[in-house]
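If you're matching positions, the sequence shown starts at 1 in the UniProt record's numbering and goes up one per residue. The beta carbon of each residue, even a glycine, is placed where N, CA and C say it ideally should be. As the structure is a computational prediction, the values presented were derived from the model and not from experiment.
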Amino acid sequence: MNGKQHPHHGGHGRTAFHFQPAKNWMNGPLYHNGMYHFFYQYNPHDPLFGAGKLSWGHSVSGDLVNWAFLGTALDPTSSFDVGGCWSGSTTAMPDGRLAILYTGRDANELQVQNVAFAKNPSDLLLREWDKPSFNPVIPQPADVTGNNFRDPTTAWLGRDGLWRFAIAAEVDGVGSTVIYRSADFVNWERNALPLHTSPGIPCWECPDFFPVAEHGTEGLDTSASGAGMRHVLKLSKAADEDYYAVGWYDDEADTFVLVEDGEQADVRNWRRIDHGHLFAAKSFFDARRKRRVLWAWVDEMDSRSDDVAKGWTGIQSFPRALWLDTDGKQLVQWPVEEIETLRRKQVTLLGAVVGSGGLHEIAGIETLQADVEVVFEIPNLKEAEQLDPKWLQDPQKLCAEKGATVQGGVGPFGLIVMASGDMREQTTIFFRVFKHDDAYKVLMCTDLTRSSTKEGVHKPIYAGFVDMDVEKDKSISLRTLIDHSVIESFGGGGRTCITARVYPEHAATGSSHMYVFNNGLDAVKVSKLEAWELATASVNVEDDGLVALLPPVVVPILSDDAE
Numbered sequence: 001m002n003g004k005q006h007p008h009h010g011g012h013g014r015t016a017f018h019f020q021p022a023k024n025w026m027n028g029p030l031y032h033n034g035m036y037h038f039f040y041q042y043n044p045h046d047p048l049f050g051a052g053k054l055s056w057g058h059s060v061s062g063d064l065v066n067w068a069f070l071g072t073a074l075d076p077t078s079s080f081d082v083g084g085c086w087s088g089s090t091t092a093m094p095d096g097r098l099a100i101l102y103t104g105r106d107a108n109e110l111q112v113q114n115v116a117f118a119k120n121p122s123d124l125l126l127r128e129w130d131k132p133s134f135n136p137v138i139p140q141p142a143d144v145t146g147n148n149f150r151d152p153t154t155a156w157l158g159r160d161g162l163w164r165f166a167i168a169a170e171v172d173g174v175g176s177t178v179i180y181r182s183a184d185f186v187n188w189e190r191n192a193l194p195l196h197t198s199p200g201i202p203c204w205e206c207p208d209f210f211p212v213a214e215h216g217t218e219g220l221d222t223s224a225s226g227a228g229m230r231h232v233l234k235l236s237k238a239a240d241e242d243y244y245a246v247g248w249y250d251d252e253a254d255t256f257v258l259v260e261d262g263e264q265a266d267v268r269n270w271r272r273i274d275h276g277h278l279f280a281a282k283s284f285f286d287a288r289r290k291r292r293v294l295w296a297w298v299d300e301m302d303s304r305s306d307d308v309a310k311g312w313t314g315i316q317s318f319p320r321a322l323w324l325d326t327d328g329k330q331l332v333q334w335p336v337e338e339i340e341t342l343r344r345k346q347v348t349l350l351g352a353v354v355g356s357g358g359l360h361e362i363a364g365i366e367t368l369q370a371d372v373e374v375v376f377e378i379p380n381l382k383e384a385e386q387l388d389p390k391w392l393q394d395p396q397k398l399c400a401e402k403g404a405t406v407q408g409g410v411g412p413f414g415l416i417v418m419a420s421g422d423m424r425e426q427t428t429i430f431f432r433v434f435k436h437d438d439a440y441k442v443l444m445c446t447d448l449t450r451s452s453t454k455e456g457v458h459k460p461i462y463a464g465f466v467d468m469d470v471e472k473d474k475s476i477s478l479r480t481l482i483d484h485s486v487i488e489s490f491g492g493g494g495r496t497c498i499t500a501r502v503y504p505e506h507a508a509t510g511s512s513h514m515y516v517f518n519n520g521l522d523a524v525k526v527s528k529l530e531a532w533e534l535a536t537a538s539v540n541v542e543d544d545g546l547v548a549l550l551p552p553v554v555v556p557i558l559s560d561d562a563e
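As structure tokens, then:
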């Protein structure tokens, strides 16, 4: 690949197949005319988020793996966004028009909502966008408090012919998600009733609202309506976690009723998109493969000075397909199948029994960038420990008390990854099974406390329960993507996900090791383990590398431009 890398690339911990410009907070993913477009908050002048005013960066791909950087799509050049072009979304309309809805900080530092349109929707690269002078299309309402009014979602077309989008707002001190409607995408009116309110937190961020099929794994267009579907509302707690709830959407009243009620009025009791370090998730409908795809921002966990030295900060999670589980209450997430195009050397382990205290190295591949799938078979659950109900609300503390080295009845068992030769540095991803009432609870943990010997690195423990019937299945699956400074793990077929940033010092100069381990009283059987070394993707090469990355249909257009 001869294309230039993005100018902010390089440094220790640089990922090989995760999307990583200088500073990228998820904005508007879009599939259009055979191309994937990714728009993101981007600082072209500095690797740090707060230094300077943000633009929208723009990258394109033919496969969600290899990406070409096209520069900026939006810049803070107008009175309605002079303080920065902040979060928003993209929408493709039936008449072929393409729109961006985004939050701008105006000349008075108020958060207002603006629209931009693609100048030439037939341009496969969508390089030019027009910001009409009549912006903002929605000034800040009088009942918004704290200047919290931001992050419009992808719009959907209702059965009444009106466009709608959801947006986060602090309305009279209450964290709210409100709906706006429009016939022309320019003149918007707010619905009298909010889609959701959560009094416990005054400001939620980065909402996402989309339909999911009640059965099967296929995704639905954001404007889909009718029987056989539910909706998902996802909200982010400022610079913290992403929560979601499944429910029923009334597209006439624009109201949302949760499937799981009770304590679910408080968003903090909702299910988590990811139990690790992941924020501001955004999804889009991929019409090419009839699936819904989700990305999210994974920020750095080392120091600010490290970010400056590296020249970049923050990456995106690898794209995940998502669908509704058979219970109708939770989402299942799984890396998009295109990652398999990066698979190279493979090692396999079949039927290995790992006894109590056992450690089995998975050798033969480079484990600093790898894709690992393993199924642990549990012969019996008789030795499972009793779960104290107090732990149901604090799985993270439970993992801290009963870590990977603390012997249990059934588990802990799992993977040790990013391990140095002397094991001083290691990250563990593991399961432990508990008795709870008349059934069992599966705990999943990612423990970073020994992930690095470097000072000044945040090394937490992440945890979540896996909502599955382990008594029926008699097995637990784990898939883990390892990419230098990021580890993404999917437990129970993708029902529970944990993303973590790690900065092991040995990775800069030496090789890394991976093991299967078991510290439970009884043996576990690795019925199947497959691990692949992954190639390096081309991420954010600039214009001279576009031809090698994009579908053949785009190449003649680029050649014409060159002339």
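Nearest to D327 by C-alpha distance, out of G34, L54 and M468, is M468.
Here G228 is not near E205, since their CB atoms are 8 Å or more apart.
Cβ-Cβ distances below 8 Å link P94 to L157 in the same chain, with the five nearest sequence neighbours on each side left out; the list follows chain order. Taking C-beta atoms as the reference points, T427 and I487 count as a pair closer than 8 Å. When the beta-carbon positions are compared, F431 and G491 come within less than 8 Å of each other. When secondary structure is reduced to three states using DSSP, D371 falls in the strand class. The shortest CA-to-CA distance from R495 to any of L322, A507 and S182 is the one to L322. The residues L448, T449 and S451, in chain order, have a CB closer than 6 Å to that of K459 in the same chain once the five nearest residues on each side in sequence are set aside. In the DSSP assignment, Q346 falls within the beta strand (DSSP E) that extends over R343 to L349.
S78 and A370 have their C-alpha atoms spaced approximately 45 Å apart. At the C-beta level, M35 and L124 come within 8 Å of one another. Distance from the CA atom of E260 to the CA atom of A107, rounded to whole angstroms, is 43 Å. Excluding the 5 residues flanking it on each side, F517 has same chain C-beta neighbours closer than 6 Å at L359 and I416, in chain order.
For K382, DSSP records no beta bridge to any residue.
Annotated three-state conformation of K528 is strand, per DSSP. With contacts defined as CB atoms closer than 8 Å, L235 and T177 qualify as a contacting pair.
The C-alpha of Y31 lies about 13 Å from the C-alpha of G96. Taking 8 Å as the cut-off, the beta carbon of G276 is found closer than this to the beta carbon of T499. Taking every protein chain shown into account, the CB of M514 has 16 or more other CB atoms within 10 angstroms, so this residue is buried.
In the displayed model, V246 falls within a strand according to three-state DSSP. If you draw a straight line from the Cα of P152 to the Cα of F210, it comes to about 13 Å.
K234: member of the beta strand (DSSP E) spanning M229 to K237, first to last residue. Nearest in C-alpha terms to L349, of all of I362, S182, A537 and Q316, is I362. Around the Cβ of N43, a 10 Å sphere holds 16 or more other Cβ atoms; the residue is buried. The C-alpha of E218 lies about 30 Å from the C-alpha of V526. Shown here, P207 sits in a strand according to DSSP, grouped into three states. If you check the CB distance, L233 and F256 come in under 8 Å. In this structure, R289 lies away from L534, with their beta-carbon atoms at least 8 Å apart. Secondary structure at L331: strand, using DSSP grouped into helix, strand and coil. Beta-bridge pairing by DSSP links C445 to F430 and A463.
Under the Cβ criterion (8 Å, minimum of three pairs), the stretch 190 to 208 counts as touching the stretch 165 to 177. Annotated as proximal: F185 and W163, with beta-carbon spacing under 8 Å. Per DSSP, A16 is not a residue of any beta strand (DSSP E), being assigned neither H nor E. Between I339 and T145, the alpha-carbon positions lie close to 44 Å from each other. Cβ contact annotation for N191 (same chain, cutoff 6 Å, sequence separation greater than five): I179 and D254, in chain order. Counting only the Cα atoms, Q396 lies some 17 Å from Q407.
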